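Notes follow the structure.
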Amino acid sequence: MGSFDIFSPDGRREIAYHRTMPAGVEGNKPGVVFLGGFRSDMGGTKAVFLEAWAKRTGRAFLRFDYTGHGDSSGAFETLGIGEWAQDAVDAVSALTEGPQILVGSSMGGWISLLLAKRMPERVAGLVGIAAAPDFTEDSMWAGFDDRQREQLIHDGRVELPSEYDDGPYVITRHLIEDGRENLVLRDPLSLGFPVRLLHGTADVDVQMSVPLRILEHADCADLRLTFVKDADHRFSSPDCLDLIVETVESL
1 MGSFDIFSPD GRREIAYHRT MPAGVEGNKP GVVFLGGFRS DMGGTKAVFL EAWAKRTGRA
61 FLRFDYTGHG DSSGAFETLG IGEWAQDAVD AVSALTEGPQ ILVGSSMGGW ISLLLAKRMP
121 ERVAGLVGIA AAPDFTEDSM WAGFDDRQRE QLIHDGRVEL PSEYDDGPYV ITRHLIEDGR
181 ENLVLRDPLS LGFPVRLLHG TADVDVQMSV PLRILEHADC ADLRLTFVKD ADHRFSSPDC
241 LDLIVETVES L
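Mapping of the sequence shown onto UniProt numbering: residues 1 to 251, in sequence order.
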C-alpha cells in the first residue's frame, strides 16, 4: 500500500492507495480505477476481486480510500461529495496515465459521473455498480421527516441506523448542502464514452428507478443497463463479481 499527499487551501490530505502496474502495461491500456461507496474502503470484495483480475491480465489498476475513509487522513463527518470527488480527481491525475475505465460502486457511481464531467479526456469508459448519483438529495434529504430535517438544520447532524455497522452513522448538514452543489441528474450530462450500469433487483438501498433515471437523463450513444434478479446492493456474489469483470473486459 502507498500514500500520497495533497496540499490545498484546506490543508494537507493523505490519500492511501493500492496500485497495480504490470510490466508492459503500455501495451495493455486503458487502466481501471475502482471508486468505492459511502463509508466503504478500498479493501472491499469488489475492489480486491478486480485487482486480482487486473494482475492476472496485465492491466493497470488503482483502488484508493477517500479522505475520511479507510487508511486515508481526515474526519469523515467533516467531509462530503465535493471533497471525495476532488480526492478522485487527484488520485487519477497523480497515479494513472491516459484514459481509464472507471468502476464506481454506489456513491462511487456518482463520483465517476463527476469525474466524467471534470476530466472527460481521462475517461475511456464507465461501469456503475448500483450507482447512486444525487443520493444525498433524492434518498437522504427526501427521506427525512420534519423532525430530522429540523435537527439537521439546527444541530448540523442527524444519526441514522445502519444495517452494515454496529452503531448509527451520522449525516451532516455539510454532506447534504455539499451534495446539492454536486448533483448530476439536474443539468445536462453528456458522456462521450461507453457506459454500463449493473443493478440488482433486490437492492433496498438504491431503487431500480435510479439507473433507469440515469439511462433516460444521460446523453450517451452507448449506454446499457443490466438488471440482475435477486442481487442486493453489495453486488458481491460470485456471479455478480464475474459479471463485473465481463463488463469491464467488454469495454
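Glycine included, each C-beta is placed from N, C-alpha and C at the ideal position. None of the values given here were measured: they were computed from a predicted structure.
Buried versus exposed, by CB contacts within 10 Å (16 or more), residue i
{"i": "His-154", "result": "exposed"}
{"i": "Gly-192", "result": "exposed"}
{"i": "Ala-54", "result": "buried"}
{"i": "Glu-121", "result": "exposed"}
{"i": "Ser-40", "result": "buried"}
{"i": "Thr-201", "result": "exposed"}
{"i": "Gly-143", "result": "exposed"}
{"i": "Ala-75", "result": "exposed"}
{"i": "Arg-59", "result": "buried"}
{"i": "Thr-78", "result": "exposed"}
{"i": "Gly-109", "result": "buried"}
Reduced DSSP secondary structure (H/G/I, E/B, other) of residue i
{"i": "Ser-105", "result": "strand"}
{"i": "Ser-73", "result": "coil"}
{"i": "Arg-234", "result": "coil"}
{"i": "Asp-203", "result": "coil"}
{"i": "Asp-5", "result": "strand"}
{"i": "Arg-186", "result": "coil"}
{"i": "Phe-144", "result": "coil"}
{"i": "Thr-247", "result": "helix"}
{"i": "Leu-35", "result": "strand"}
{"i": "Glu-83", "result": "helix"}
{"i": "Arg-196", "result": "strand"}
{"i": "His-175", "result": "Residue identity differs from the one stated: residue 175 is Leu in this sequence, not His. Note: Leu-175 maps to helix in three-state DSSP."}
Contact belief for residue i with residue j at Cβ below 8 Å, rounded distance in angstroms
{"i": "Gly-37", "j": "Ser-106", "result": "3 Å"}
{"i": "Pro-194", "j": "Leu-251", "result": "6 Å"}
{"i": "Leu-95", "j": "Tyr-17", "result": "6 Å"}
{"i": "Ile-129", "j": "Pro-30", "result": "Between Pro-30 and Ile-129 the Cβ distance is about 18 Å, and since that is not below 8 Å, they are no contact."}
{"i": "Leu-183", "j": "Ile-171", "result": "That pair is no contact at about 17 Å."}
Whether residue i touches residue j by CB criterion (9 Å)
{"i": "Arg-180", "j": "Gly-156", "result": "no"}
{"i": "Ala-116", "j": "Val-33", "result": "no"}
{"i": "Glu-14", "j": "Ser-93", "result": "no"}
{"i": "Asp-205", "j": "Gly-80", "result": "no"}
{"i": "Val-103", "j": "Leu-50", "result": "yes"}
{"i": "Leu-197", "j": "Leu-175", "result": "no"}
{"i": "Ala-131", "j": "Leu-113", "result": "yes"}
Closest Cα partner of residue i within the set the options
{"i": "Lys-46", "options": "Val-248, Gln-148, Leu-241 and Glu-246", "result": "Leu-241"}
{"i": "Pro-99", "options": "Asp-5, Phe-61 and Asp-232", "result": "Phe-61"}
{"i": "Arg-186", "options": "Arg-213, Phe-64 and Val-170", "result": "Arg-213"}
{"i": "Ile-111", "options": "Asp-134, Asp-146 and Ala-85", "result": "Ala-85"}
{"i": "Met-208", "options": "Ser-139, Pro-194 and Leu-175", "result": "Ser-139"}
{"i": "Pro-22", "options": "Val-245, Val-248 and Thr-57", "result": "Thr-57"}
{"i": "Gly-82", "options": "Glu-97, Phe-235, Pro-133 and Thr-247", "result": "Pro-133"}
{"i": "His-233", "options": "Asp-239, Val-245, His-199 and Thr-226", "result": "His-199"}
{"i": "Arg-224", "options": "Arg-19, Thr-78, Phe-135 and Val-127", "result": "Val-127"}
Proximity test, Cβ basis, 9 Å: residue i and chain C
{"i": "Leu-191", "result": "Any reference to chain C falls outside this structure, which holds one protein chain only."}
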